[in-house]
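**Q**
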Ligand SMILES: NC(=O)c1ccc[n+]([C@@H]2O[C@H](COP(=O)([O-])OP(=O)(O)OC[C@H]3O[C@@H](n4cnc5c(N)ncnc54)[C@H](O)[C@@H]3O)[C@@H](O)[C@H]2O)c1
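In our numbering, the protein residues as written are 20 to 407.
1) Considering only the beta carbon of each residue, do residue 215 and residue 295 sit closer than 8 Å?
2) Just to confirm my understanding: we take residue 354, look at its own chain, exclude 5 residues before and 5 after, and list those with CB closer than 8 Å. What are they?
3) Identify which residue in 142, 78, 118 and 153 has its Cα closest to the Cα of residue 35.
4) Among residues of its own chain, excluding the 5 on either side of residue 9, which ones have a beta-carbon nearer than 6 Å to its beta-carbon?
5) On the three-state DSSP scale, how would you describe residue 36?
6) Return the bridge partner residues of residue 160 from the DSSP annotation.
7) Restricting to Cα atoms, I'd like to know which of 291, 233 and 191 is closest to residue 248.
8) Work out the CA separation of residue 227 and residue 318 for me, nearest whole Å.
9) Check whether the region 356-372 touches the region 143-161, counting contact only when three or more Cβ pairs, one atom from each stretch, lie closer than 8 Å.
10) On the three-state DSSP scale, how would you describe residue 364?
11) Could you check where the alpha helix (DSSP H) with residue 185 kicks off and where it finishes?
12) Identify which residue in 342, 33 and 235 has its Cα closest to the Cα of residue 262.
13) Looking at residue 384: is its Cβ nearer than 8 Å to the Cβ of residue 213?
14) Quick one: what's got a C-beta closer than 6 Å to residue 134's C-beta in the same chain, skipping five residues either side?
15) Use the C-beta contact count for residue 125: other C-beta atoms within 10 angstroms, 16 or more gives buried, fewer gives exposed.
16) Just mark residue 292 as buried or exposed, buried being the case when its beta carbon has 16 or more other beta carbons within 10 Å.
17) Taking only runs that begin and end inside the region 46-88, name each unbroken alpha helix (DSSP H) of 4 or more residues, in chain order.
18) CA-CA distance, residue 260 and residue 206?
19) Is the CB-CB distance between residue 282 and residue 180 below 8 Å?
20) Count the other C-beta atoms from every protein chain shown that fall within 10 angstroms of the C-beta of residue 322, then say buried if there are 16 or more, exposed otherwise.
21) Tell me which same chain residues have a C-beta within less than 7 Å of the C-beta of residue 301, skipping the five on either side of it?
22) Would residue 199 be called buried (16 or more neighbouring beta carbons within 10 Å of its own) or exposed?
23) Which residue comes first and which comes last in the beta strand (DSSP E) that contains residue 142?
24) With a 10 Å radius around its C-beta and 16 neighbouring C-beta atoms as the bar for buried, classify residue 155 as buried or exposed.
25) On the premise that residue 168 lies in contact with residue 225, defined as a C-beta separation below 8 Å, what is that separation, rounded to the nearest angstrom?
26) Roughly how many angstroms lie between the CA atoms of residue 33 and residue 320, to the nearest whole one?
27) With a threshold of 8 Å between beta carbons, is residue 196 in contact with chain D?
28) Which ranges would you report for the beta strand (DSSP E) in the region 228-264 if only whole runs of at least 3 residues count?
29) Which runs of the alpha helix (DSSP H) at least 4 residues long sit entirely within the region 323-377? Give them in chain order.
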């Protein structure tokens, strides 16, 4: 069977750039039903050694330290933006202007204003867009969506979402771009809270109004050498610099369907390690999911004689799981979600249809984020007004 080729450029070859590249390499062996083949055309990173590694070990045809060269390459159909947040705007807008479809890691912009400009430029250019809200694709999250859509949980009354991660919990954690305004934009409200609220949007629907507050717990961190990541540690002798954005954000919300919700995101918390989690309560039952145990869902339905939460194990009867392993309770992992994400996005590109989650869904999120930032300042409930 002859499949069409989709030429890919990846911009930024750190954690996410490498994860997406491994996805493109794995798609042909995991998704025999696909009607395209990804081709690794060009990698761009500002560090020459990362460009070399991408060409030598991952098989990109070419490499460059100038992302402009990559986004304008004639053989590139899709640009995958994996650079620090505040670089997303120039890269994504240049890619769209060159007629390339754009997959952008979350947050699409480091600020809501940037996301609005990126979405407008991509829409005007008529390109297909995708966002790295990868937790949507966990098989049991998809199953939770089905249970809500088919009414198994009844009417949703309340929702608790959180993203608690330890990556900044050690005060010796380096002052990487994530902690700086010109690298990241906002802190956890741009970074991990976007995942939690995107999941809630997918599962429960739009949010009508919010009240929220943020805080920075660790005001200074050791300055990193080039290439250091947010998981690396410095030492007390290192020079330090100020953390310029928030470590924590907490929110209470009212959904348009009347459900109430609470959200918390922290990158300095001690205890939880990668707790992207939600609990959803309805009139006929409730369910809980947590990335730390992503192959399990806790389900409690009215009428169950056991009257407790039942553990549902992931398996090949849930969406996508069988592409990785057959049978029940044979687990899949974090990067498998990135493969599903990239398979789905490239399938949309191959079919010429707009993708979800795309930049429209990023606008859904930053509309909530803008209201939350406003509420942090005003210390009042604020309405969510769609930014566009
Ligand atoms: N979806 C998720 O779960 C998830 C997880 C982690 C990160 N992310 C997002 O992915 C993006 C990248 O994060 P990361 O963890 O991979 O960061 P990282 O620091 O590991 O990698 C960023 C890379 O970009 C490169 N870079 C910097 N300036 C550049 C330039 N001018 N041109 C080209 N490359 C440049 C760096 O050298 C580095 O290799 C961020 O937007 C982040 O929020 C998403």
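Ideal Cβ positions, reconstructed from N, Cα and C, are used throughout, including at glycine.
**A** Here's the rundown:
1) In the chain shown, counting from the first residue as 1, residue 215 sits at position 196. In the chain shown, counting from the first residue as 1, residue 295 sits at position 276. Cβ distance < 8 Å, so residue 215 and residue 295 count as in contact.
2) Position 335 of the chain shown, counting from 1, holds the residue named residue 354. Sequence-distant partners of residue 354 (beyond 5 residues in either direction) whose C-beta falls short of 8 Å from its own C-beta, in its chain, are 38, 41 and 42.
3) For the purposes of this step, residue 35 is taken as residue 16 along the chain shown, with counting starting at 1. Per the Cα distances, 153.
4) Because residue 9 is not part of the residues shown, which for the chain are 20 to 407, the question remains open.
5) Counting from 1 along the chain shown, the entry for residue 36 is found at position 17. In this structure, residue 36 counts as helix in the three-state DSSP scheme.
6) Against the chain shown, residue 160 aligns to sequence position 141. Paired residues: none, contrary to the question.
7) In the chain shown, residue 248 corresponds to position 229, counting from 1. The candidate whose alpha carbon is nearest that of residue 248 is 191.
8) By one-based count along the chain shown, residue 318 stands at place 299. By one-based count along the chain shown, residue 227 stands at place 208. Those two C-alpha atoms are separated by around 27 Å.
9) yes
10) Here residue 364 is taken as the residue at index 345 of the chain shown, counted from 1. Of the three classes helix, strand and coil, the one that applies to residue 364 here is helix, per DSSP.
11) Here residue 185 is taken as the residue at index 166 of the chain shown, counted from 1. No alpha helix (DSSP H) contains residue 185, which DSSP labels as neither H nor E.
12) Within the chain shown, numbered from 1, the residue matching residue 262 stands at position 243. If we check each option's Cα against that of residue 262, 235 comes out closest.
13) Numbered from its first residue, the chain shown carries residue 384 at position 365. Numbered from its first residue, the chain shown carries residue 213 at position 194. A contact, by the Cβ cut-off of 8 Å.
14) For the purposes of this step, residue 134 is taken as residue 115 along the chain shown, with counting starting at 1. Taken in chain order, the residues that qualify are 127, 128, 381 and 385.
15) Counting from one through the chain shown, the residue named residue 125 turns up at place 106. Classification of residue 125: buried, given that the 10 Å Cβ count is 16 or more.
16) In the chain shown, counting from the first residue as 1, residue 292 sits at position 273. Exposed, by the Cβ-count rule.
17) 67-77
18) Within the chain shown, residue 260 is the residue found at index 241, counting from 1. Within the chain shown, residue 206 is the residue found at index 187, counting from 1. Cα to Cα, the separation comes out at about 16 Å.
19) On the chain shown, residue 282 is found 263 positions in, with the first residue counted as 1. On the chain shown, residue 180 is found 161 positions in, with the first residue counted as 1. For residue 282 and residue 180, yes; Cβs fall inside 8 Å.
20) Within the chain shown, numbered from 1, the residue matching residue 322 stands at position 303. By the 16-neighbour rule on beta-carbons within 10 angstroms, residue 322 is exposed.
21) Taking the chain shown and counting its residues from 1, one reaches residue 301 at position 282. The residues are 172, 173, 174, 175 and 176.
22) On the chain shown, residue 199 is found 180 positions in, with the first residue counted as 1. Residue 199 sits buried, since 16 or more C-beta atoms from the chains shown fall within 10 Å of its C-beta.
23) Here the question's residue 142 lines up with position 123 in the chain shown. Run containing residue 142: none in the beta strand (DSSP E); it sits in the alpha helix (DSSP H), 131-144.
24) Taking the first residue of the chain shown as position 1, residue 155 is located at position 136. Buried is the call here.
25) Counting from 1 along the chain shown, the entry for residue 225 is found at position 206. Counting from 1 along the chain shown, the entry for residue 168 is found at position 149. That pair is no contact at about 15 Å.
26) Within the chain shown, numbered from 1, the residue matching residue 33 stands at position 14. Within the chain shown, numbered from 1, the residue matching residue 320 stands at position 301. The straight-line gap from Cα to Cα measures roughly 43 Å.
27) The question asks about chain D, but that chain is absent: this structure has only one protein chain.
28) 239-241 and 259-261
29) The region 323-377 is shown to contain whole alpha helix (DSSP H) runs of 4 or more residues at 340-343 and 353-370, in chain order.
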